[in-house]
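Peer 1: Chains as they are written, first to last, in our numbering: chain Y, 1 to 585; chain E, 1 to 333; chain G, 1 to 340. Quick reminder that beta carbons are idealized off the backbone N, C-alpha and C, glycines included.
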Amino acid sequence: MKITARRLIATTSVAALAASVVLVGGMNSANAANPKPVTGGTLNFYTHSEQFPNLDPQRIYTGRDIAFLGSYVMRTLVSYNPVPGKDGATLVADMATNTGVPSNKAKTWKFTLRPGVAWEDGKPVTCADVKYGWSRTFATDVYVEGPAYPLSWLDIPSAADGSSAYKGPYKKTGQALFDKSINCSKDNRTITFNLSRTVPDFNYYLTYLAGGPVPQAKDTGDKYDLRPMSSGPYMIKKYAINDEMILVRNPNWKKSSDPIRTPYPDNIIVTFGMDEDVRDQIDLEDQIPNGINMDGLQPSNNVAFFEDPTKKNRRMNNYDPYTSYLAANNSAGHLDCLDVRKAVFFAFDNKALIDLSGGTTYYGEMGDNPVKPVIGMDYAPTKGNIHDPNFKISGNPEYAKTLLEKAKTSCPDAYDRATNPAKGLKYYRADTATNKKAAVLVEAALKKAGFVIETVYKPAGTYNANLETYKNETDFLSSGWGADWANASTVIPELWGDGCCNYTKNKKTPEYAGFIKKVNLALVELDRKKQAKMWQELSQYGMDQYWYIRTVFGKSQQTWGSKIGGVYYWEPQGSFGFGQLYVKQ
Amino acid sequence: MLTYVTRRLLYTILLLAIVSLTIFFIFDLIPVDPARLVCSKQCTPSLVEANRHRLGLDVSVFEQWWRFMVGLFAGRTFGEEGIAITCAAPALGYSFSRHECVTTIVSQAFPYTLSLALGAFVLWLSVGISLGVLSARKKGKFADRAASVFVLVGTSLPTFITGILVVLFIVLQFNLVSPLELGNWHNPVTEPLGWLQTFFFPCATLALAYAATYTRFTRSNVIETSSEDFIRTARAKGLSEKVILRKHTLRAALAPIVTIAGLDFAGLLGGAIITEGIFGLNGLGKLSIKAVTQTYDLPIIVATTLIASAFVLLMNLIVDIAYAFIDPRVRTS
Amino acid sequence: MSKFLEVTNLNVTFPTADGDVHASNEVSYSVGLGETLAIVGESGSGKSVSNLAVMGLHNVTRTKITGSAILNLSDGPVDLISASPETVRRLRGKEMSMIFQDPMSALHPFFSIGDQIAEAWHLYNKGSKSDGIKKAIEMLDLVGIPDASVRVHDFPHQFSGGMRQRAMIAMALVNNPSLLIADEPTTALDVTVQSQILKLLKDLQNEFNMAIILITHDLGVVAEVADRICVMYGGRIVEDASVEDIFYRPEHPYTLGLLNSVPRITSGLSHRLRAIPGQPPSLINLPSGCSFQPRCEYSSRVSSGACTESVPALNDKGSGHLSRCHLDIADLNDLVKDKA
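Below is the structure:
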């Protein structure tokens with residue numbers, strides 16, 4: 001299958017890791033026999049968490065919650081294709097009749113609502129509802145948890161301090177400006193978004209519940225987070241934090257208006273607040289055969305579950321949505337030398353670090369791209385870095401030494417900094433027990449190649465708050481990233497461009513300026529296939545510069561009870577494809 | 001007596017006010033910024049500030065505390081213009097992580113904690129005292145040695161071990177409670193069997209450690225009291241050993257237990273964090289631990305801490321008064 | 001004619017890890033109704049131990065008691081040593097009572113005086129709660145507590161030392177026992193209160209015709225109230241005689257020593273009290289021979305050297321005066337001279 005072939009190239013070129021390929025590649029074969037789905041029964045979920053962080057659509061930002069609530073309770077204009085594998089990353093129409101019609105160089109987008117889409121109280125979902133949902137994102141004084149893309153995309157002027165001139169439907173400041181940016185047709189079924197600039201992947205944002213509708217008359221403000229209105233096949237009968245959530249069938253949901261959901265179970269119950277050891281026992285012993293552990297297992301229980309041959313039809317191991325990376329500080333006085341960065345790259349003992357976190361089977365594998373395969377067409381395996389014949393997963397200090405020798409002449413200052421015992425490289429880390437263990441491994445590997453390195457520990461509680469300061473002082477900064485949607489526009493600009501989380505601190509060289517220009521061109525490229533190619537080239541460029549010392553494609557494991565059917569891994573959301581689950585008899 | 005009680009009550013109120021102020025201060029000192037915690041990936045400094053304002057953390061500690069105190073008596077409104085939420089007096093604040101008035105949240109959690117505390121209390125007192133008296137009477141004999149094994153086991157095993165063992169190897173193993181029903185609330189009056197199903201094992205687990213301590217304590221007190229002169233006098237009067245034990249010895253031996261039992265009970269009324277967590281009981285303990293370690297939900301932290309303190313302080317008062325009833329030597333001071 | 005209580009060859013031994021403690025050794029004494037017997041000795045002489053055995057107040061499992069203590073009741077004699085514990089218990093408070101040295105610790109701190117007295121009365125009498133209290137008030141009046149009807153509801157800590165002892169006496173006598181054993185009843189009280197209590201006991205004895213055993217270490221106390229005195233040393237009775245004989249014609253060096261150590265109001269200020277040198281013997285390892293010998297000034301006068309070899313027998317050296325000493329009569333007269 002095309003998928004498997006891609007994965008084989010993508011994951012690794014080292015034989016030792018080949019075994020893990022069997023596990024990655026979607027253990028969707030759990031349901032390969034494809035028996036007929038069963039309607040009815042109760043589908044149980046159980047979790048250690050006490051609640052969903054938010055139920056209010058404009059306040060939800062996690063893939064799992066979007067997948068869960070989107071599959072059952074809240075529909076969006078557009079959704080991801082509810083199928084396993086890379087096809088899952090393509091868009092399909094949900095409440096809209098198509099995946100959106102861009103015009104005016106993708107500065108205007110039009111969607112038309114299908115007939116028959118209704119709320120749980122029978123009232124139809126209208127353009128006004130969508131518009132009202134969008135307006136709530138602007139009430140940033142009360143809702144801070146959700147995505148903020150509308151604030152910069154909609155054609156609304158900014159205020160003096162850089163924030164939007166529209167302050168949301170409660171304060172109503174700038175309401176007229178907002179009303180102009182989204183137009184509703186007379187029949188209240190066609191929505192036209194007027195953006196301030198070209199956004200070719202605008203419709204991807206509409207897979208977010210935040211881009212969805214909220215009926216103004218039912219908006220209870222902060223309390224909407226406890227009981228949102230349903231447009232989906234189920235509605236919320238009960239939501240008691242730390243207790244349970246009960247979903248029952250929504251009588252006003254019509255299959256004819258919904259091509260993507262197959263709500264087989266009659267009831268869905270989420271049980272909160274379960275003790276972690278108890279939860280793991282239930283999962284391991286299959287004590288709730290019609291139930292799913294929503295959190296995953298604790299590490300040792302996870303290993304036990306996955307090594308037990310009798311449980312092979314109840315588990316899957318896939319890439320999660322996240323990439324962990326170690327960014328090199330490219331600014332002057334730090335790692336502003338390609339040869340030095342390359343030397344660090346090849347000296348690193350990645351195996352030891354991965355094993356420390358759980359091993360390549362369960363934790364993650366070496367990646368070759370900040371963009372992950374699960375994102376879809378924007379991913380292509382890169383050349384060099386981990387595919388370089390000199391790359392050894394446990395580190396290649398000899399090769400690193402030769403690169404470092406080159407740096408003696410090519411960049412003497414950087415070389416001096418990296419090897420002079422009086423100076424040395426600095427690696428800032430949060431002061432945790434795990435980090436201490438990792439630091440030992442990192443220092444050992446680098447010292448073997450001739451580097452002088454010191455780990456600087458910073459208080460763990462304030463580490464994230466102080467990242468803006470630390471990123472200027474440290475030579476290495478480790479972090480992680482998950483794309484917001486299946487387009488590298490939410491990865492490369494953020495990590496390597498002018499976005500929020502660029503820790504590579506590139507100097508303003510002509511080369512880098514050229515790179516940024518290309519990024520900005522890719523951002524507005526209307527031809528999707530062309531855009532994909534551009535992202536791939538940009539990935540290759542960044543990897544060739546060794547801006548990232550190591551990239552790890554994280555993995556996640558899911559388990560479920562023996563009576564659960566219809567399981568597959570929904571790659572773009574990094575979760576179960578909830579909408580297709582059913583309970584076997 | 002009345003002036004004494006009034007004086008103690010006023011002192012308690014003053015102390016609670018100081019405790020609440022201290023909580024606000026301590027919270028202000030912790031390095032984590034709750035305003036930043038819930039802020040999304042796309043957080044900007046102005047968003048964080050707006051969030052800080054929403055959470056009421058953008059004013060001085062005194063101002064925060066003062067608003068809280070006023071809210072206690074007059075109720076309090078949160079949020080502005082069109083999406084304001086009002087919590088009626090006594091308003092303990094509004095939890096933004098649970099979207100509910102804290103008073104409501106706390107009053108929903110309290111029955112669990114009360115059931116657990118009361119059930120454990122009754123269990124450990126009855127087991128501890130009777131076992132203690134038995135081993136004192138049969139000092140050195142088999143019953144005494146068996147009881148001391150119990151004491152050793154009970155005082156060595158922490159609740160997080162006994163609790164997990166009980167849940168995994170008793171409750172779930174024998175399917176006494178369905179794992180999804182673990183910790184479900186049943187009204188003890190209308191559904192006593194359901195209540196027992198939910199609370200028997202957690203109460204027993206919690207009671208184990210206390211029962212062991214109380215056994216040891218009762219035993220040594222009874223032995224010591226038995227050698228007091230007034231017991232010899234009672235015997236010299238011609239009273240039977242049964243009457244001596246029941247009326248003279250126990251009364252004197254168990255008097256100090258009133259104080260300790262009262263305070264232990266009061267401590268549990270603030271929530272038994274570990275037991276509630278293991279058995280899935282949504283009491284004050286479970287409520288407070290998440291607020292302190294994950295969500296940094298200040299209103300819940302303040303409320304649960306104050307409630308726990310109030311119970312301890314009040315119980316101190318009750319125990320002192322009760323002790324005066326028991327021991328007349330205390331009264332005249 | 002038998003006396004009300006006749007103790008014969010009473011041995012009380014406590015087995016301990018270090019050996020048997022012979023607290024009471026071949027002790028015999030008797031006391032009749034209306035008579036006061038004083039048992040005098042230092043701490044550890046066995047005076048309390050013997051009487052506790054009579055009352056049956058020792059822990060049966062930890063004490064070995066042999067001998068007999070016959071209580072000659074109107075319906076027949078009872079040997080308190082061989083009788084069942086239940087039988088003895090039913091005699092406590094009814095036929096024989098005991099009061100103790102420290103009334104503060106001997107009374108239950110949590111119950112009122114009235115309740116404690118009434119409790120004793122209810123044990124052997126049928127009646128309502130108020131009947132019991134009425135009886136308690138009556139008894140408190142009897143022992144000279146003012147405002148008895150008010151003070152009956154007071155607690156022990158609200159009474160003064162002397163009043164507490166009176167209350168104890170009231171409680172001991174509420175059921176009209178024929179024998180009262182008073183174990184150091186005045187030791188914890190000051191001197192003025194002492195004589196009041198002793199007078200009270202005497203008055204009560206006259207009124208109820210009780211036998212009283214008065215245990216004390218204080219010979220001064222004894223002179224007022226006792227008819228007969230037993231002197232105990234090292235677990236044995238060393239002298240048993242009338243009050244007069246003891247005071248004017250002591251026949252044991254220990255008794256003489258005790259007499260010499262009592263301060264007299266008639267002696268001059270410079271008169272030095274003569275203490276008995278040495279320490280009382282260990283009751284586990286009693287010296288062979290006379291147990292007083294190590295401290296006796298006169299043992300050298302016994303030419304046979306019997307003092308270190310054999311325990312002297314308790315001999316009647318003349319008209320009901322018993323003493324346990326190897327000295328003969330002639331030397332005894334020297335003793336009396338020394339006494340002066």
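1. Using a Cβ-Cβ cut-off of 7 angstroms, state whether Val-142 of chain Y counts as contacting chain E.
2. Listed in chain order, which residues of the region 555-569 of chain Y have Cβ atoms closer than 8 angstroms to some Cβ of chain E?
3. Can you tell me the Cβ-Cβ gap for Pro-294 of chain G and Gly-278 of chain G, rounded? I've got them flagged as a contact below 8 angstroms.
4. Please state the DSSP three-state secondary structure of Thr-462 of chain Y.
5. CA-CA distance, Ala-226 of chain G and Glu-184 of chain G?
6. Who are the neighbours of Tyr-208 of chain Y on chain E, taking C-beta pairs under 9 angstroms?
7. Are the CB atoms of Arg-331 of chain E and Asp-322 of chain E within a distance shorter than 7 angstroms?
8. What residues of chain G sit near Glu-228 of chain E, judged by a beta carbon separation below 8 angstroms?
9. Using C-beta distances below 7 angstroms, list every residue in its chain close to Leu-189 of chain G, excluding the 5 sequence neighbours before and after it, in chain order.
10. Should Asn-25 of chain G be listed as close to the ligand NAP, given that the test is whether its C-beta is under 6 angstroms from any heavy atom?
11. Assuming Arg-62 of chain G and Phe-14 of chain G form a contact by the criterion Cβ under 8 angstroms, report the distance between their Cβ atoms to the nearest whole angstrom.
12. Give a yes or no on whether the minimum CB-CB distance between His-99 of chain E and chain Y is below 7 angstroms.
13. As an exercise, report each continuous alpha helix (DSSP H) stretch of at least 4 residues that is fully enclosed by the region 178-249 of chain G, in chain order.
14. Taking only beta-carbon positions, decide if Asn-302 of chain Y is within less than 7 angstroms of chain E.
15. Using CA coordinates, which residue listed in Y:Asn-183, Y:Leu-446, Y:Glu-120, Y:Thr-361 is at the minimum distance from Asp-349 of chain Y?
16. By the criterion of Cβ-Cβ separation under 8 angstroms, what are the contact partners of Ile-57 of chain E in chain Y?
17. Please classify Cys-43 of chain E: does DSSP put it in a helix, a strand, or coil?
18. Beta-carbon of Asp-341 of chain E versus every beta-carbon of chain Y: anything under 7 angstroms?
19. Going by the CB atoms, is the gap between Leu-92 of chain E and Thr-103 of chain E shorter than 7 angstroms?
20. Just list the residues that DSSP pairs Gln-158 of chain G with in beta bridges.
21. Thr-3 of chain E to Val-150 of chain G, Cα distance in whole Å?
22. Can at least three beta-carbon pairs, one atom from the region 237-254 of chain E and one from the region 139-154 of chain E, be found at a separation below 8 angstroms?
23. Please classify Cys-87 of chain E: is it buried, with 16 or more other beta-carbons within 10 angstroms of its beta-carbon, or exposed?
24. For chain Y, is any of its Cβ atoms less than 7 angstroms away from the one on Ile-164 of chain E?
25. For Cys-545 of chain Y, count neighbouring C-beta atoms within 10 Å of its own C-beta (all shown protein chains included) and say buried if the count is 16 or more, exposed if not.
26. According to the neighbour-count rule (16 or more other Cβ atoms, all chains shown, within 10 Å of its Cβ), is Glu-511 of chain Y buried or exposed?
27. Between E:Ala-234, E:Ile-278, E:Thr-293, E:Asp-320, which has its C-alpha nearest Ala-255 of chain E's C-alpha?
28. Measuring CA to CA, which of G:Phe-4, G:Pro-109, G:Thr-216, G:Leu-57 is closest to Gly-34 of chain G?
29. What distance in whole Å lies between the Cβ atoms of Ser-103 of chain Y and Phe-138 of chain Y, which are believed to be in contact at a cut-off of 8 angstroms?
30. What first and last residue would you give for the alpha helix (DSSP H) that runs through Pro-85 of chain G?
31. So what's Val-24 of chain Y in DSSP terms, helix, strand or just coil?
32. Going by DSSP, what residues sit across from Phe-348 of chain Y in a beta bridge?
33. Assuming Ile-133 of chain G and Ala-120 of chain G make a contact with CB atoms under 8 angstroms, what is their CB distance in whole Å?
34. In this structure, does DSSP put Leu-395 of chain E in helix, strand or coil?
35. For Ala-30 of chain Y, is the classification buried or exposed, using 16 other Cβ atoms within 10 angstroms of its Cβ as the cut-off for buried?
36. If contact means a Cβ-Cβ distance below 7 angstroms, which residues of the region 190-206 of chain E contact chain Y?
Peer 2: Walking through what the data contain:
1. In the first sequence, the residue the question calls residue 142 of chain Y occupies position 142. Interface residue, yes.
2. none
3. Taking the first residue of the third sequence as position 1, residue 294 of chain G is located at position 294. Taking the first residue of the third sequence as position 1, residue 278 of chain G is located at position 278. Indeed, because the Cβ distance is near 6 angstroms, the residues count as touching under 8 angstroms.
4. On the first sequence, position 462 is the one that residue 462 of chain Y refers to. Looking at Thr-462 of chain Y - three-state DSSP - the assignment turns out to be coil, as it is neither helix nor strand.
5. Numbered from 1 along the third sequence, position 226 holds the residue referred to as residue 226 of chain G. Numbered from 1 along the third sequence, position 184 holds the residue referred to as residue 184 of chain G. Roughly 14 angstroms between the two C-alpha positions.
6. Here residue 208 of chain Y refers to the residue found at position 208 when the first sequence is read from its first residue. Correct list: empty, because the minimum Cβ distance to chain E is about 11 angstroms.
7. Residue mapping note: residue 322 of chain E aligns to position 322 of the second sequence, counting from 1. Residue mapping note: residue 331 of chain E aligns to position 331 of the second sequence, counting from 1. Looking at the sequence itself, residue 322 of chain E is Ala, so the reference to Asp does not match. No; because the gap between Cβ atoms is not below 7 angstroms, this pair is not in contact.
8. Here residue 228 of chain E refers to the residue found at position 228 when the second sequence is read from its first residue. The answer, in chain order, is Ser-105.
9. Here residue 189 of chain G refers to the residue found at position 189 of the third sequence. Hits under 7 angstroms: Gly-161, Gly-162, Gln-165, Ile-197.
10. By its list of ligands, the structure shown contains no ligand whatsoever, and the ligand NAP lies outside what it can speak to.
11. Residue 62 of chain G sits at position 62 when you count from the first residue of the third sequence. Residue 14 of chain G sits at position 14 when you count from the first residue of the third sequence. Contact holds; Cβ gap of about 6 angstroms.
12. As a working note, residue 99 of chain E is residue 99 in the second sequence. So, interface residue.
13. 191-208, 219-225, 243-248
14. Taking the first sequence and counting its residues from 1, the one referred to as residue 302 of chain Y is at position 302. Answer no: the Cβ-Cβ gap between Asn-302 of chain Y and chain E never drops below 7 angstroms.
15. Looking up residue 349 of chain Y in the first sequence gives position 349. Checking every option, the nearest Cα to that of Asp-349 of chain Y belongs to Y:Leu-446.
16. Within the second sequence, the letter at position 57 stands for residue 57 of chain E. The sequence given here places Leu at residue 57 of chain E; Ile does not occur at that position. For Leu-57 of chain E, there are no neighbours in chain Y by C-beta distance under 8 angstroms, as the nearest C-beta there is about 13 angstroms away.
17. On the second sequence, position 43 is the one that residue 43 of chain E refers to. DSSP places Cys-43 of chain E in coil when its eight states are reduced to three.
18. The structure shown does not extend to residue 341 of chain E, since chain E is modelled only from 1 to 333, so the question has no answer here.
19. The count along the second sequence starts at 1 and reaches residue 103 of chain E at position 103. The count along the second sequence starts at 1 and reaches residue 92 of chain E at position 92. Yes, the Cβ-Cβ distance between Thr-103 of chain E and Leu-92 of chain E is below 7 angstroms.
20. If you number the third sequence from 1, residue 158 of chain G lands on position 158. BP columns for Gln-158 of chain G are empty, so no partner.
21. As a first step, residue 3 of chain E must be located in the second sequence, where it is residue number 3. As a first step, residue 150 of chain G must be located in the third sequence, where it is residue number 150. Approximately 25 angstroms between the Cα atoms of the pair.
22. no
23. Numbered from its first residue, the second sequence carries residue 87 of chain E at position 87. The Cβ neighbour count for Cys-87 of chain E, taken over all protein chains shown within 10 Å, is at least 16; the residue is labelled buried.
24. Numbered from 1 along the second sequence, position 164 holds the residue referred to as residue 164 of chain E. So, interface residue.
25. Locating residue 545 of chain Y in the first sequence gives position 545, counting from the first residue. Contrary to the premise, residue 545 of chain Y reads as Gln rather than Cys in this sequence. Per the 10 Å Cβ criterion, buried.
26. As a working note, residue 511 of chain Y is residue 511 in the first sequence. With a 10 Å radius around the Cβ and a threshold of 16 neighbouring Cβ atoms, Glu-511 of chain Y comes out exposed.
27. Walking along the second sequence from the start, residue 255 of chain E turns up at place 255. The shortest Cα separation from Ala-255 of chain E among E:Ala-234, E:Ile-278, E:Thr-293, E:Asp-320 belongs to E:Asp-320.
28. Residue mapping note: residue 34 of chain G aligns to position 34 of the third sequence, counting from 1. With distances taken between Cα atoms, Gly-34 of chain G lies closest to G:Phe-4.
29. Counting from one through the first sequence, the residue named residue 138 of chain Y turns up at place 138. Counting from one through the first sequence, the residue named residue 103 of chain Y turns up at place 103. Wrong, their Cβ atoms sit about 24 angstroms apart, outside the cutoff.
30. Position 85 of the third sequence, counted from the start, is the residue given in the question as residue 85 of chain G. Per DSSP, Pro-85 of chain G belongs to the alpha helix (DSSP H) from 85-91.
31. In the first sequence, residue 24 of chain Y corresponds to position 24, counting from 1. Note that Val-24 of chain Y scores 42 on pLDDT, short of 50, meaning its location in the model is unreliable and no value can be drawn from it.
32. As a working mapping, residue 348 of chain Y is identified with position 348 in the first sequence. DSSP, once it has assigned bridges, lists no residue as partnering Phe-348 of chain Y.
33. As a working note, residue 133 of chain G is residue 133 in the third sequence. As a working note, residue 120 of chain G is residue 120 in the third sequence. Rounded, the Cβ-Cβ distance is 13 angstroms, inconsistent with contact.
34. Because chain E here runs from 1 to 333, residue 395 of chain E falls outside it and cannot be looked at.
35. Taking the first residue of the first sequence as position 1, residue 30 of chain Y is located at position 30. For Ala-30 of chain Y, the predicted structure reports a pLDDT of 47, less than 50, and the residue's modelled location is therefore unreliable. A value from the coordinates is still provided. By the 10 Å Cβ count, Ala-30 of chain Y comes out buried.
36. Listed in sequence order: no entries.
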